[in-house]
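Okay, so here's the structure we're looking at.
What follows is the structure, given as structure tokens:
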């Protein structure tokens, strides 16, 4: 059963269709990848799912419930957490406080201070930031800021995690560490949708990939199918021109 | 839980604060004359500066509506002062300001940066002008007389507001609401996606800070005896609290308090001795504060202390 379904999802910016009539689904427990050239509408689709933007027209359902038009904090409490393409950590707050905000406010039921603190400790340990819990977020490396965003998202106890270019700007070692982290999150039973430009990462961890181009979904399938799809190659490398 | 603030509270132990509070609460019993009157003015500015920084400090929304909330409190006292006792119109003034803040907040807290500042300042002028129009054309007067209370009563009332405000601000800073406000100030979008109902947190906190400002306005109005819209909604009541809070330093709760004490005292001296130069001197002090004291006076004290004690804040 799909955990997330989109039907005819469309978003115009002025006259430009950033996302046009896209149907998509994400299955429970999988890692779904979202790729496409720059400007394909990947981040817009993310913003639509996480309620930063409202699709018009189109509906998005989470666990069978229509979530179109809900507010970002409601979406978060329902169990969809996200990270950002450009990191949006709370720069002047220690890592611990960053995650504490997620722990306190991100769950539907609400938590006691001791539960929240425990949640923070667990999340920081999970992403490997326990050592630097008291460091202000602005002093962390980019890789660690991205981990911190993941920890903050995980502290909201999500069922679905949206990762917007987690690997962008990371070096080779950090990319493989981030891939390990994604697999570790999936093994916790959390469904993941990731936007990514680093092909090694997307091919390595995704169960299924959707390709967007000019706001439309042009292909979908396993990493192998996508890698061999002529349409996708065309989009990324340009059309073959007859001499 | 507030790891970044541990250093600040060492200097002010609860015992010292308690002793100071008891002394101030009973001050008119031993000292009469001018001192309670001066302290009442200082309390007024403490309330304005702390209330302002309670909202604008963590969220980064620069509110210039302080004079509007203050004026609404003052006029509440003018309307009700002759019919109900002081505690009632104090609370009524606070509630009236809160309601204005709720309405304004719900409408405008989606504006960021300079737009919010301009709108909130426009609110001060708007309410003052509307009120002036009403008084001139409907009531047929310009100003109003407010019931007069004796200075000690006003002193005690202002002290109570200060005490409740300081306790509220202190608890707020350490509560999850404080964390939410700070998150909003750091990155509002991320805060919303972390499950924080940003609009609600902002609006309610704005109304809470307006409550204290309005209550202070209702109380101090009884000392002024005569008010009109120009006096009650004077733009300086929007700017001075900002100046005091920045000068004192907004990183700590004590910052706006110290800023308010220094400026209120300075104002008393300057206005009586150099009345033409007093705004000029204020301006120069503010420029110096912004250029050389990015964390305010409290930040400077803290840095000096760390320097003197030879310790450093270890950031791994």
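Chains as they are written, first to last, in the numbering used here: chain L, 222 to 464; chain C, 10 to 325.
By construction, the Cβ of each residue, glycine as well, lies at the ideal position given by its N, Cα and C atoms.
Remember, predicted model here, so these are calculated numbers, not experimental data.
What do you get for residue 316 of chain C, buried or exposed, if any count of 16 or more other CB atoms within 10 angstroms of its CB means buried?
-> exposed
Leaving out five residues on either side along the sequence, give the residues of the same chain with a beta carbon under 8 Å from the beta carbon of residue 359 of chain L.
-> 310, 312 and 313
Within the segment 361-398 of chain L, ranges of the alpha helix (DSSP H) (whole runs, at least 4 residues) | 363-376
Compare the Cα-Cα distances from residue 470 of chain L to each of L:430, L:346, L:454 and L:291 and report the closest residue.
-> Outside the modelled stretch of chain L, which goes from 222 to 464, sits residue 470 of chain L, for which no answer is possible.
Just how far apart, CA to CA, sit residue 456 of chain L and residue 305 of chain C?
-> 55 Å
Boundaries (first-last residue) of the beta strand (DSSP E) holding residue 303 of chain L | 301-303
Identity of the residue in L:377, L:449 and L:436 nearest residue 233 of chain L by Cα = L:436
Would you report the Cα separation of residue 233 of chain C and residue 28 of chain C, rounded to the nearest angstrom?
-> 31 Å
In its own chain, which residues sit with a C-beta less than 7 Å from the C-beta of residue 452 of chain L, not counting the 5 before and 5 after it?
-> 439 and 440
Straight-line Cα distance separating residue 278 of chain C from residue 286 of chain C | 11 Å
Do we get a CB-CB distance below 8 Å when we pair residue 18 of chain C with the residues of chain L?
-> A caution first: residue 18 of chain C carries a pLDDT of 49, below 50, which makes its placement in the model too unreliable to give a value.
Measure the Cβ-Cβ separation of residue 293 of chain L and residue 201 of chain C and say whether it is below 8 Å.
-> yes
Note down, in chain order, each residue of its chain lying with its Cβ closer than 7 Å to the Cβ of residue 251 of chain L, except the 5 sequence neighbours on either side.
-> 412, 428 and 429
Can you name the start and end residues of the alpha helix (DSSP H) that residue 223 of chain C belongs to?
-> 207-233
Three-pair Cβ contact test at 8 Å for the segment 144-151 of chain C versus the segment 241-248 of chain C = no
According to DSSP, which residues form a beta bridge with residue 315 of chain L?
-> L:357
Nearest to residue 42 of chain C (by Cα), restricted to the options C:177, C:208, C:161 and C:219 | C:161
Outcome for residue 348 of chain L when other beta-carbon atoms lying within 10 angstroms are tallied against a minimum of 16 | buried
Distance, residue 208 of chain C Cα to residue 258 of chain L Cα = 35 Å
Considering only the beta carbon of each residue, do residue 57 of chain C and residue 179 of chain C sit closer than 8 Å?
-> no
What residues of chain L sit near residue 302 of chain C, judged by a beta carbon separation below 8 Å?
-> Correct list: empty, because the minimum Cβ distance to chain L is about 18 Å.
Is residue 188 of chain C close to chain L, meaning its C-beta is less than 8 Å from at least one C-beta of that chain?
-> yes
Whole angstroms is fine: what's the gap from residue 230 of chain C's alpha carbon to residue 104 of chain C's?
-> 16 Å
Measure the C-alpha to C-alpha separation of residue 231 of chain L and residue 417 of chain L and round it to an integer number of angstroms.
-> 21 Å
Please compile the residues from chain L whose C-beta is within a distance smaller than 8 Å of the C-beta of residue 205 of chain C.
-> 294, 322 and 326
Mark residue 235 of chain L as exposed unless 16 or more other C-beta atoms lie within 10 angstroms of its C-beta, in which case mark it buried.
-> exposed
Please decide whether residue 287 of chain L counts as near chain C, where near means a Cβ-Cβ distance under 8 Å.
-> no
Got a sec: is the Cβ-Cβ distance from residue 311 of chain L to anything in chain C below 8 Å?
-> yes
Straight-line gap, residue 13 of chain C to residue 135 of chain C (C-alpha atoms, nearest Å) | With a pLDDT of 45 at residue 13 of chain C, under the threshold of 50, the modelled position of that residue is not reliable, and no figure is offered here.
Would you call residue 159 of chain C buried or exposed, if buried means 16 or more other Cβ atoms sit within 10 Å of its Cβ?
-> exposed
Would you kindly check if the distance between the Cβ of residue 106 of chain C and the Cβ of residue 220 of chain C is under 8 Å?
-> yes
Mind listing which residues of the segment 266-288 of chain L have their C-beta closer than 8 Å to chain C's C-betas, in chain order?
-> 271 and 273
Have a look at C:155, C:64 and C:193 and flag the residue whose alpha-carbon is nearest the alpha-carbon of residue 98 of chain C.
-> C:155
Give the interface partners of residue 466 of chain L over in chain C, defined as CB-CB distance under 8 Å, in chain order.
-> Nothing about residue 466 of chain L can be read from this structure; chain L reaches only from 222 to 464.
Beta-carbon proximity list for residue 396 of chain L, same chain, < 8 Å, skipping 5 on both sides = 388, 419, 421 and 422
Pick out the complete alpha helix (DSSP H) segments inside the segment 73-123 of chain C, 4 residues or longer, and give them in chain order.
-> 75-89 and 95-117
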